[in-house]
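Below: the structure, in structure tokens.
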Amino acid sequence: MILSLDVGNTQIYGGVFDGSKGNEKIRLTFRKNLKEGLSSDEMGIFLKTVLKENAIDPMHIEHIAVCSVVPDVIYSLRGACQKYFNIHPFILQAGVKTGLRIKYRNPSEVGADRIANAVGASTLYPNTNLILVDLGTGTTFCAVNAKKDYLGGTIIAGLKLSMKSLEMNTTKLPSVEIIVRDQALGLSTVESLQSGLFYGHLGSMREIISRLSQECFNGEKFVVVGTGGFALLFEKEKIFDVIIHDLVLKGYVM
Numbered sequence: 533m534i535l536s537l538d539v540g541n542t543q544i545y546g547g548v549f550d551g552s553k554g555n556e557k558i559r560l561t562f563r564k565n566l567k568e569g570l571s572s573d574e575m576g577i578f579l580k581t582v583l584k585e586n587a588i589d590p591m592h593i594e595h596i597a598v599c600s601v602v603p604d605v606i607y608s609l610r611g612a613c614q615k616y617f618n619i620h621p622f623i624l625q626a627g628v629k630t631g632l633r634i635k636y637r638n639p640s641e642v643g644a645d646r647i648a649n650a651v652g653a654s655t656l657y658p659n660t661n662l663i664l665v666d667l668g669t670g671t672t673f674c675a676v677n678a679k680k681d682y683l684g685g686t687i688i689a690g691l692k693l694s695m696k697s698l699e700m701n702t703t704k705l706p707s708v709e710i711i712v713r714d715q716a717l718g719l720s721t722v723e724s725l726q727s728g729l730f731y732g733h734l735g736s737m738r739e740i741i742s743r744l745s746q747e748c749f750n751g752e753k754f755v756v757v758g759t760g761g762f763a764l765l766f767e768k769e770k771i772f773d774v775i776i777h778d779l780v781l782k783g784y785v786m
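The numbering of the sequence shown is the numbering used here, which starts it at 533 and goes up by one.
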């Protein structure tokens, strides 16, 4: 079994894969809110507990793969893996060979989560031009061509981050639930905020996807892959050809 851990800015997203190489099936996914100063013992105990509570014997974990956009957490995670699983984890970071050719001016600037998404998608959709949209704390867009060249991308503030910014920097705007709105017109402050968040993000995504397709693929066919916690919110808008919730985790085992 393989334990995959994706460390974002606000959460740790984990998954357990089982099966032979190339035929791994996901057995479990879980999330944990990330707090400052998380110790290796706290992390190790949490990981063993969540496995046991889901009828997975921690002794059956043979490999652990870690991707983190928060460098300070890597030390604690590495310690937890070694102490509680007796495993030296694979850390996905700049310089690791993945089969992608990174076209960024400085390849080390590409986040490990974006690399994992690109590896996972290009393996699931070989010889295909791809635009990957990951709706997390930030919403990231990545363009990968059929030759597995990572061409670059775009980053905008995510839905929750946009909502928090409005809440923190205005005196009368409340925090609201992020939901699908069936019309842009709001008849209250809450509805107006919800409409602005939903349709503002939808419009941004449509425009960026359109521009990336023109700039990167010059009229060639491409597939748009949605992933991340808020991807399902836009399922009915048909901006994604496919939604793969655990894409970043798949990128570690492929």
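Just so it is clear, CB atoms sit at the ideal spot from N, CA and C, and this is done for glycine as well.
With the rule of 3 Cβ pairs closer than 8 Å, the segment 706-718 does not count as touching the segment 737-755. For the 8 Å CB-CB criterion, I663 and F754 form a contact. Cβ contact annotation for R559 (same chain, cutoff 6 Å, sequence separation greater than five): V548, D550, in chain order. Its chain contains F766, E769, I771 as the residues whose beta carbon lies nearer than 8 Å to that of L734, once the 5 sequence neighbours on both sides are disregarded; these appear in chain order. For the options K564, L535, V601, the alpha carbon positioned closest to that of G643 is the one of V601. By the Cβ rule, the segment 629-646 does not count as touching the segment 572-579, because fewer than three pairs are nearer than 8 Å. Taking the C-beta atoms as reference points, K580 is found nearer than 8 Å to Y616. Around the C-beta of T759, 16 or more other C-beta atoms lie within 10 Å, and the residue is accordingly described as buried. The C-beta separation of S736 from I775 comes to about 18 Å, leaving the pair out of contact by the 8 Å criterion. Distances from the CA of Y657 to each of V757, I593, N555, T542 were compared; the closest alpha carbon is that of V757.
Between R610 and L570, the alpha-carbon positions lie close to 12 Å from each other. Looking at the DSSP output, L624 shares a beta bridge with C599.
Taking 8 Å as the cut-off, the Cβ atoms of D666 and R633 do not count as close. At least 8 Å separates the beta-carbon of A650 from that of Y784. D538 and L717 have their C-alpha atoms some 37 Å from each other. When the five nearest sequence neighbours on each side are left out, the beta carbons in the same chain lying within less than 7 Å of the beta carbon of H592 are those of M533, in order along the chain.
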